[in-house]
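Novice: In the numbering used here, the protein residues as written are 11 to 427. First the structure, then my questions, so here it is.
The following block contains the structure:
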């Protein structure tokens, strides 16, 4: 346990950061395999119903359990840029394959400068839905080229542009920024791996009428312009991804495809019904949750939820941490007694958007640094108490949550188990 931890212990604890294992009274479920980045910066695969560890991709620090919402990589071919549907510009240098990629296999391709001055790039198209947010990403590694941009623009049936999401990156400086055409690009992200690979992402909305997305990765000179010096410089690529969501989209863990779009299923924990004990049946108790919200999670309307539910009656007590395009992220509570009777505190308990004090985002509420979110709520027959304590010791949650405390009466479900 870390120093300063309270002397009392929870009746039930899922402490993935310190214990690195799942309590025997719970099961983990996910119907599909999923990828994750290990402590060495190498992509690994967790099989169905296998938990994924989360590591800082740059330092290798173990962070806890990795859990994500469902998502689909819309690109039929995520890795093979020579496959049907991909366009490799003829002015590029010859395409070459067989380079060691993010998964320590020979999966990477090299995009090279050509023999005449020009714009060197690869591109493809993908069917998208209008009025939805989109997130594009790619793994890249310098082989002489450090700068470029990743772009997705949407077009309608007449070829008119209906959205333009773009992120400029500089691998040498480990920087990325979104270019704002109107209000399209909301945020951009870059993650540096220990093995020299980077993941670049950009996120934003597609307007009404967009049915086709055009994805391109363009190489640039170190000064940010077109270039040609005859040096044969190149950029390694591995793992393109395009995701969409009705209300939110974010750069999630990589989903490999080979000829068709592929989906990662929901991940969730479930208590074993045969091992219920007093922890589940008390009339009042407290939930405490500490989570790391990274720089990709809180674009759009992302959220995470801690929930206790009676599957027979649908009665539930629920803690939510939400994100809003205009408000940033905030804590809310949701309770019901057999029906969807949600309770949201007013005023909202703001978390912030993760920006450093000197930063001025191009647009939107994209974050530049992880945020540690500490939240707790208690319920009993007299109502709900919800607390959020930013930058205070964990022990304060158990003795004196001094920040925001909101109570609501008559909203507590009965029969929670």
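Glycine is no exception: its CB is placed at the ideal position from the N, C-alpha and C atoms.
#1: Could you say which of 69, 165, 44 and 25 lies nearest to residue 36 if we only look at CA atoms?
#2: Can you list, in chain order, the stretches of the beta strand (DSSP E) that have 3 or more residues and sit fully within the stretch 249-280?
#3: Alpha carbon to alpha carbon, what distance is there between residue 131 and residue 89?
#4: Candidates 55, 59 and 52: which alpha carbon is nearest residue 32's?
#5: Considering only their Cβ atoms, is the gap separating residue 76 from residue 63 smaller than 8 Å?
#6: If we call anything under 8 Å between Cβ atoms a contact, is residue 162 one with residue 211?
#7: On a Cα-Cα basis, can you pick out the residue from 39, 140 and 160 that is closest to residue 282?
#8: CB residue 172 to CB residue 68, shorter than 8 Å?
#9: So, at 7 Å on beta carbons, what are the nonlocal neighbours of residue 267 in its own chain, with the 5 sequence-adjacent residues on each side left out?
#10: Leaving aside the five residues before and after residue 246 along the sequence, list all residues of the same chain whose C-beta is less than 6 Å from its C-beta, in chain order.
#11: Does the distance from the C-beta atom of residue 252 to that of residue 219 stay below 8 Å?
#12: Check whether the Cβ atoms of residue 184 and residue 232 lie closer than 8 Å to each other.
#13: Less than 8 Å separating the beta-carbons of residue 46 and residue 263?
#14: What do you get for residue 28, buried or exposed, if any count of 16 or more other CB atoms within 10 angstroms of its CB means buried?
#15: Cβ of residue 276 within 8 Å of Cβ of residue 79?
#16: Apart from the five residues just before and just after residue 74, which ones in its own chain have a Cβ nearer than 6 Å to its Cβ?
#17: Candidates 202, 148, 94 and 188: which alpha carbon is nearest residue 66's?
#18: Exposed or buried, residue 55, counting other C-beta atoms within 10 Å across all chains shown (16 or more means buried)?
#19: Taking C-alpha atoms, which residue in 52, 111 and 209 lies nearest to residue 180?
#20: Do you know offhand how far residue 103's Cα is from residue 116's?
#21: Following the continuous beta strand (DSSP E) through residue 174, name the residue where it begins and the one where it ends.
#22: By alpha-carbon positions, which one of 280, 57 and 207 ends up nearest to residue 248?
#23: Which one of 278, 259 and 244 has the shortest CA to CA distance from residue 139?
#24: Figure out for me which residue from 254, 113, 215 and 198 has the closest Cα to the Cα of residue 271.
#25: So what does DSSP say about residue 28, is it helix, strand or coil?
#26: Which of the three DSSP states is assigned to residue 221 in this structure?
#27: Relative to the alpha-carbon of residue 243, which residue among 123, 106, 53 and 101 has its alpha-carbon at the smallest distance?
#28: Within its chain, find whatever has a CB closer than 6 Å to the CB of residue 280; leave out the 5 residues flanking it on each side and keep chain order.
#29: Within its chain, find whatever has a CB closer than 6 Å to the CB of residue 93; leave out the 5 residues flanking it on each side and keep chain order.
#30: Taking 8 Å as the threshold (C-beta atoms), are residue 217 and residue 141 in contact?
#31: Going by C-alpha to C-alpha distance, which of 269, 234, 23 and 228 sits closest to residue 129?
#32: Assign residue 40 to one of three DSSP states: helix, strand, or coil.
#33: Ordered along the chain, which non-local residues of its own chain (more than five positions away) have a Cβ less than 6 Å from that of residue 49?
#34: Spell out the partners DSSP gives residue 232 in its beta bridges.
#35: Let's test the definition: count the other Cβ atoms within 10 Å of the Cβ of residue 215 and tell me whether it reaches 16, buried, or not, exposed.
#36: Under a three-way DSSP split, which group does residue 215 fall into?
Specialist: On the basis of the coordinates in this document:
#1: 25
#2: 272-274
#3: 15 Å
#4: 59
#5: yes
#6: no
#7: 39
#8: Not a contact, by the Cβ cut-off of 8 Å.
#9: 83, 85, 86, 87 and 88
#10: 109, 118, 120, 151 and 153
#11: no
#12: The answer is no: Cβ separation not under 8 Å.
#13: Cβ atoms of residue 46 and residue 263: closer than 8 Å.
#14: exposed
#15: yes
#16: 26, 27 and 64
#17: 202
#18: exposed
#19: 209
#20: 20 Å
#21: Secondary structure note for residue 174: its beta strand (DSSP E) is the uninterrupted segment 171-180.
#22: 207
#23: With distances taken between Cα atoms, residue 139 lies closest to 259.
#24: 254
#25: helix
#26: coil
#27: 123
#28: 37
#29: 87
#30: yes
#31: 228
#32: coil
#33: 65 and 70
#34: None, per the DSSP bridge assignment.
#35: By the 10 Å Cβ count, residue 215 comes out buried.
#36: strand
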